[in-house]
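*Asks:* Residue numbers (the working numbering): 2 to 488.
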Amino acid sequence: MSDLYKLSGYEVSQKIKNQEISAEEYINLIYERITKIDKQINSFISKNFESTLLKAKQIDKKVKNNEKTGRLLGIPIGIKDNISVLGLKTTCASKILKEYVSPYNATVIDLLEKQDALIIGKMNMDEFGMGSSSELSHYGAVHNPWNIEYVAGGSSGGSAAVVSSLQVPVALGSDTGGSIRCPSSFCSVIGMKPTYGTVSRYGLVSYSNSLEQIGPIARTVYDIVLILNTICGHDLSDDTSINKQFDFTINSIDNILSKNYKIGIISNLIDSSENQVARAINKKIEKLKDYGFNVQETSINYSDFALAAYYIIATAEASSNLSRFDNIRYGFDFSPEGYEWNSYSSHVRSNFGEEVKRRILVGSFVLSAGYYGKYYLKAQKIRNIIKNEFNKLFKLFDILLLPTMPILPFKIGEKGSKPLELYNLDIYTILANLSGIPAISIPAGFSKDGLPIGLQLLSNELNEQKLLDVATFFEKDDKFNEWNPKI
Ligand code: GLN
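#1: Would you kindly work out how many angstroms separate the C-alpha atoms of P77 and Y377, rounded to a whole number?
#2: Would you identify the three-state DSSP class for C93, choosing helix, strand or coil?
#3: Is it the case that the CB of D61 approaches a heavy atom of the ligand GLN more closely than 7 angstroms?
#4: Jot down the residue ranges of each uninterrupted alpha helix (DSSP H) in the stretch 279-303, minimum 4 residues, whole runs only, in chain order.
#5: Check whether the stretch 207-225 and the stretch 314-330 touch, using three or more Cβ-Cβ pairs below 8 angstroms as the test.
#6: For S175, list the residues DSSP reports as bridge partners.
#7: Less than 8 angstroms between the C-beta atoms of S186 and G455, yes or no?
#8: To the nearest angstrom, report how far apart Y429 and I38 are at their CA atoms.
#9: Where does the unbroken beta strand (DSSP E) through S442 begin, and where does it stop?
#10: Determine whether the beta carbon atoms of L119 and G75 lie at a separation below 8 angstroms.
#11: With the cut-off set at 8 angstroms, would you say A161 and N125 are in Cβ contact?
#12: Which residues in the same chain have their Cβ closer than 7 angstroms to the Cβ of Y312, if we skip the five residues on either side of it in sequence?
#13: Taking all protein chains shown into account, decide if D224 is buried (16 or more other Cβ within 10 angstroms of its Cβ) or exposed.
#14: Starting from P184 and walking both ways along the alpha helix (DSSP H), at which residues does that stretch end?
#15: Relative to the C-alpha of L137, which residue among S460, P444, K419, E465 is closest?
#16: So is N322 in contact with chain D if we call contact Cβ pairs under 8 angstroms?
#17: Tell me which residue opens and which closes the beta strand (DSSP E) that P453 is part of.
#18: Under a Cβ-count criterion, where at least 16 other Cβ atoms within 10 Å of its own Cβ denotes burial, should T250 be classed as buried or exposed?
#19: Leaving out five residues on either side along the sequence, give the residues of the same chain with a beta carbon under 7 angstroms from the beta carbon of F50.
#20: By DSSP, does H235 sit in helix, in strand, or in coil?
So this is what it looks like as structure tokens:
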């Protein structure tokens, strides 16, 4: 098989545009690769080859006829299975939605297709986005392409693994508390959670709507830029979407250095990480110093309270958002005969997975009369405190640097029955969601056993370009875009 599957999304679109390859040829090749590779990874829940191939042929026609083409010409994109695509199943990796076919497109899908991208399939995940390992799926765990005995991270594990294993160049994930960044870190790819409100959530199945954002996962910073420039922007169908134009770019190293960014190193969260993670991050910091970046140590307070606040807010919102799954408007084939309403409803909802049920129960509890002030209100106050912490830090720094995850990827099954241990892993990623700021995870090296480590960068609201600049610096310096697993 030729090496075309290693190309970035941008390279693919250029080759198709210049007629070096046809979109049809490329999609057939990708299909062959997916059929071969995904047996080991399990990143797809459903595939969309027939219609992709049809669209690829239309793209080839457009190119031949010299018609105007989009910036994502012929790029196959994997879509997390909680984002609605017209005519495709949107299962959220849940048994409860296993037959549900979306009757409309999420806004992001319309935007991608307008630029001639191809929706290649729906990606595996933790059920409804609840988890950090992509093991909690009705369709089985996603395997890490760097070592298939290990988890891929979650909850957008299928989206990160499919990109990392060179099946497709780009995927979309969603990030409520780290679900784009965690799997990107565990699979050694780039994942970005943009500022809250920059990407429309219309058509994203809500888990915790005040925290989550859709964002891109790719192997090159330029592909991240291309996707952001496509999906960011105002949408009348989403009241939280920001009315602003976005135009991100890739700057030269000289230009980046001339901006004299002040980078704050979150030392307390590096020190609390596993040794091998801290070592890899410290090496990256040395690199910044070598190049003359303005680097200074700092710390963030209250991060341990943030975790409690996150799990109260996220479960509270989830308990409300998931109440719509009653098997009347959405659901699978289940005959109501012989059931009265309450037993029918509880029978249907017993089909949620264990973790989802746990969260609905916790969320209903923290919102219940008499406890609202004790839990939910307090959590919102902590959210404000965290936001104020960031406001203070961003008066001093342009960018904050910390690990994406406190530990290395772990073995599949290792933390299965330990929900609290899994919750604790989100401690570095939830900060950006609670405060609505943008965050990116980029590859930062490997453990001695070859397991990926991710570096996280945070900036103030709408300052994504700063993150892209520092990510570009690292990409040019160590060429992490060329680090591929042997698969
Ligand atoms: N692991 C976190 C959770 O389970 C984050 C999930 C996400 O970002 N969707 O809530």
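Using N, Cα and C, we set each Cβ at its ideal position, and we do this for glycine too. No experiment lies behind these values; they were computed from the predicted model shown.
*Replies:* This is what the structure holds:
#1: Residue numbering aside, residue 77 sits at position 76 when the sequence shown is read from its first letter. Residue numbering aside, residue 377 sits at position 376 when the sequence shown is read from its first letter. Between P77 and Y377, the C-alpha separation is close to 41 angstroms.
#2: Mapped onto the sequence shown, residue 93 falls at position 92. Of the three classes helix, strand and coil, the one that applies to C93 here is coil, per DSSP.
#3: For the purposes of this step, residue 61 is taken as the residue at position 60 of the sequence shown. Outside the cutoff, so no.
#4: Counting whole runs of 4 or more residues, the stretch 279-303 contains no alpha helix (DSSP H) stretch at all.
#5: The stretch 207-225 makes contact with the stretch 314-330, as at least three CB pairs between them are under 8 angstroms.
#6: As a working mapping, residue 175 is identified with position 174 in the sequence shown. Bridge partners of S175: I215.
#7: On the sequence shown, residue 186 is found 185 positions in, with the first residue counted as 1. On the sequence shown, residue 455 is found 454 positions in, with the first residue counted as 1. Yes, they are a contact pair.
#8: Translated into positions along the sequence shown, residue 429 becomes position 428. Translated into positions along the sequence shown, residue 38 becomes position 37. Between the alpha carbons of Y429 and I38 lies a gap of roughly 32 angstroms.
#9: Locating residue 442 in the sequence shown gives position 441, where the first residue counts as 1. First-last of the beta strand (DSSP E) with S442: 440-447.
#10: The count along the sequence shown starts at 1 and reaches residue 119 at position 118. The count along the sequence shown starts at 1 and reaches residue 75 at position 74. Going by C-beta atoms, L119 is nearer than 8 angstroms to G75.
#11: Numbered from its first residue, the sequence shown carries residue 161 at position 160. Numbered from its first residue, the sequence shown carries residue 125 at position 124. Not closer than 8 angstroms, so no.
#12: To locate residue 312, count along the sequence shown from 1; it is residue 311. Only Y424 meet the Cβ criterion.
#13: For the purposes of this step, residue 224 is taken as the residue at position 223 of the sequence shown. Buried, by the Cβ-count rule.
#14: Residue 184 sits at position 183 when you count from the first residue of the sequence shown. P184 -> alpha helix (DSSP H) spans 182-188.
#15: Taking the sequence shown and counting its residues from 1, one reaches residue 137 at position 136. Closest by alpha carbon: K419.
#16: Note that chain D does not occur in the displayed structure, where there is just one protein chain.
#17: By one-based count along the sequence shown, residue 453 stands at place 452. Residue range 453-460 is occupied by the beta strand (DSSP E) that includes P453.
#18: As a working note, residue 250 is residue 249 in the sequence shown. Exposed is the call here.
#19: What you label residue 50 is simply residue 49 of the sequence shown in a count that begins at 1. Taken in chain order, the residues that qualify are Y32.
#20: Looking up residue 235 in the sequence shown gives position 234. H235 sits in coil when the DSSP states are folded into three classes, being neither helix nor strand.
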